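Quick note: the sequence shown uses UniProt numbering, first residue 1, plus one each step.
Think of the CB as a built atom: it goes at the ideal place given N, C-alpha and C, for glycine as much as any other residue.
On a predicted model such as this, the values are computed, not experimentally measured, just so you know.
Scroll down for the structure; my scribbles are underneath it.
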Amino acid sequence: MIESQKSYESSLYGILYLVPTPIGNLGDMTYRAVSTLKEVDLIAAEDTRHTQRLLNHFEITTSQISFHEHNTQERIPQLLEVLKKGEDVAQVSDAGMPSISDPGFELVQACIQAGISVVPLPGANAGVTALIASGLAPQPFTFIGFLKRKKKEQREQWEELKNREETMIFYESPFRVKEMIHNLISVLGSERSVVVCRELTKRYEEFIRGSAKEVFEWLESHEVKGEICVIVAGNLNPEEEEKSAFPEDIKTHVEWLMNSQAISSKDAIKQVAQSRNIKKQTVYQAYHEL
């Protein structure tokens, strides 16, 4: 069913404002964001202690309520009740845009279903900020966010992404970024262009640009701290890479994956079937020479 929202049309309900906060530099807070936080009746914050420092800096006295990934289901009905009374609510994450790798999506959905206006404010976003200074093609791009942590699952994700032609944006912990680049190399190759961006908008902002191999070697010899964005170039020759990425023979392909990724034949068969777009049974029979 089609749904039309006229954001500022008179309503008995309040408005949910999605308010971005600085990703590091407090000077990036917009005038509109400050005034909105002052004018709403309640602020739903990912971490009230963290947000309180921001509120103190801008002399904002609006009350807060915690809203994070662990209390989402409890808080949504409470926030809807506030909004249905005609009071306005601002939702903020610890840094950047709400809902982008942070809480917010479920609340937005609930408000839309309840006929409550959802108004987004523009502002700081780490991924796009990193992208425009990366030196890699800014469009088209795709935002991936955090990859899965387990080695096998993350490599499977890289398999799914290796032929994407657009520039890709990732978030990663400084403690896992080296392993991430190592997994990238094992699937995308060592020559794919990569940019590691850290501490964006802060005093120690830094961009490490180079091939995946060069960036990995740099990470091996340097201690990395702070918030991390990783920008990965798209595949300019996806068909060529698809052809050269694995052996022509199916059995050899399975064995190659088992050796290169240290995985079982079962997992390798599954990956081969996905990458070749054929049935697992076909791969199974080829591998076992049935």
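Complete runs of the beta strand (DSSP E) confined to the region 11 to 54 [at least 3 residues]: 16 to 18, 42 to 45
Using a Cβ-Cβ cut-off of 7 Å (strictly less than) and excluding sequence neighbours within five positions of residue 242, which residues of its own chain qualify? Residue confidence for residue 242 is low, a pLDDT of 49 falling below 50, so the modelled location carries little weight and cannot support an answer.
Neighbour-count burial assignment, residue 59, 16 or more Cβ in a 10 Å radius: exposed
Min CB distance residue 56 to chain D below 9 Å: The chain labelled as chain D is not found in the depicted structure, where only one protein chain is given.
Other residues of its chain near residue 226: CB distance less than 8 Å, five sequence neighbours each side excluded: 174, 198, 199, 202, 204
When you compare each of 43, 150, 276 to residue 179 by their alpha carbons, which one comes out closest? 150
Using DSSP bridges, identify the partner residues of residue 64. 43
Would you check if the distance between the CB atom of residue 61 and the CB atom of residue 55 is smaller than 9 Å? yes
Within 9 Å, strictly: CB atoms of residue 115 and residue 171: no
Assess, as a yes-or-no matter, whether the region 15 to 29 is touched by the region 83 to 99 under the definition of 3 or more beta carbon pairs within less than 8 Å. yes
Can you check which of these residues, 140, 188, 148, is closest to residue 167 by C-alpha distance? 140
Please work out which residues of its chain come closer than 6 Å, Cβ to Cβ, to residue 4, disregarding the five sequence neighbours upstream and downstream, and give them in chain order. none
For residue 1, count neighbouring Cβ atoms within 10 angstroms of its own Cβ and tell me buried if that reaches 16, exposed if not. exposed
Per DSSP, residue 111 forms a beta bridge with which residues? DSSP, once it has assigned bridges, lists no residue as partnering residue 111.
Residue burial classification, residue 253 (beta-carbon count within 10 angstroms, cutoff 16): buried
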